[in-house]
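Under my numbering, read the sequence shown as residues -17 to 274, first letter to last. Cβ coordinates follow ideal geometry from the N, Cα and C atoms, glycine included. Below is one structure, written out as structure tokens; comments come after it.
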Amino acid sequence: MTDNQYSMLLMAPAAIFLAILVVWPVVKLVVDSFYNLDPLAGTSEFIGFGNYVDTLTSPDFQAAAGRTVVYTLLVVAAEFVLGLATALLFHALGQRSRVFRSLFLYPLMIAPVVAGLLWRFLLIDNFGIIGTLLANVGVLSDPNQIGWLSNPDIVLFSVAIPDIWLTTSFMTLVLFAGLQNLPGDVIEAARLDGVGGWRMLTRIMLPLLRPVIAVALIVRGVDAAKAFDVILIQTNGGPEQASTTLSLLIYQTMVRFGDPGLASAMSVLYMIAMLIVAVIAIGTIWRPGKES
């Protein structure tokens, strides 16, 4: 047996695993998107791009897509700013931040459903702890003055809080690892040249961190864009569908309305959009093969 054959033999189990759990579901998803499926009757009718036309012209899909973009930008931007600030603090503290780094990673161990349920009790009307505390310190005149989860104008921002709380530590961990691997001679040379803290960050550190930032933003962007359980447990997409993102809309189309074909078309368009965003992010942030 040659080395190439032996290598292929070693990769075969992983390839079979990926084919069964990744490739086949994607192929089945694309195929189903061209059919009008009735799960109860067990019938299917080929309708071509009919589901895609219905999806792209659906006001619900367009509104959910807009909310998904807003939610993703809000979550990723907040996590990046907070994560970068915390990573810089840990980097400045050095070994003295070891205990704080360990404590800061605890939210990553909490399931999104649990986090969503926790923050639902913190923000819910009538007896939410956040509203009560703000009223006790005089910030609010009434604990129910802000309808965190009942006001359609702010509910999308409210349901983003658990997501930010959960995964800011992930962003911090990735950026801190990147800071630890920056070339020390470059940083030291900049210090000797009298480069200030802000210029050091914007002109040296951030450009060197481009690959790390690209990976962090893409991973968290895709993860935030498909947020489902943390929103479902808090509002179930309400009130007035004000927190219904694409993941929730696809779930409702499939489960509540029983239309697998239309849900498949939505999923395919969703997947294509995520791939396009990832490619653009790699090209603009990371810029592989280009000089800074």
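| Item | Value |
| --- | --- |
| Compute the Euclidean distance between the alpha carbons of Phe16 and Ile262, then round it to the nearest angstrom. | 28 Å |
| Using the Cβ count rule (16 or more neighbours within 10 Å means buried), how would you classify Gly240? | exposed |
| From Pro89 to Leu190, what does the alpha carbon distance come to, in whole angstroms? | 28 Å |
| For Asp145, which residues of its own chain have a beta-carbon under 7 Å away from its beta-carbon, when the five flanking residues on both sides are left out? | Val57, Ala206, Ala209 and Val212 |
| Anyone know if the C-beta pair for Gly65 and Thr150 falls short of 7 Å? | yes |
| With respect to the alpha helix (DSSP H) encompassing Thr149, which residues constitute its N-terminal and C-terminal limits? | Val137 to Gln162 |
| Measure from the alpha carbon of Ile143 to the alpha carbon of each residue in Pro7, Ser246, Ala59 and Glu170, then state which is nearest. | Ala59 |
| List the DSSP bridge partners of Ser26. | Leu19 |
| Out of curiosity, what's the CA-to-CA distance linking Glu170 and Ile258? | 39 Å |
| Run through the segment 75 to 145 for me and flag every whole alpha helix (DSSP H) of 4 or more residues, listed as ranges in chain order. | 80 to 86, 94 to 105 and 111 to 118 |
| Confirm, please, whether the CB-CB distance from Leu228 to Ala74 is below 7 Å. | no |
| Taking 8 Å as the limit between beta carbons, can you name the residues of its chain near Ile111, skipping five residues before and five after? | Phe103 and Leu104 |
| What do you get for Thr54, buried or exposed, if any count of 16 or more other CB atoms within 10 angstroms of its CB means buried? | buried |
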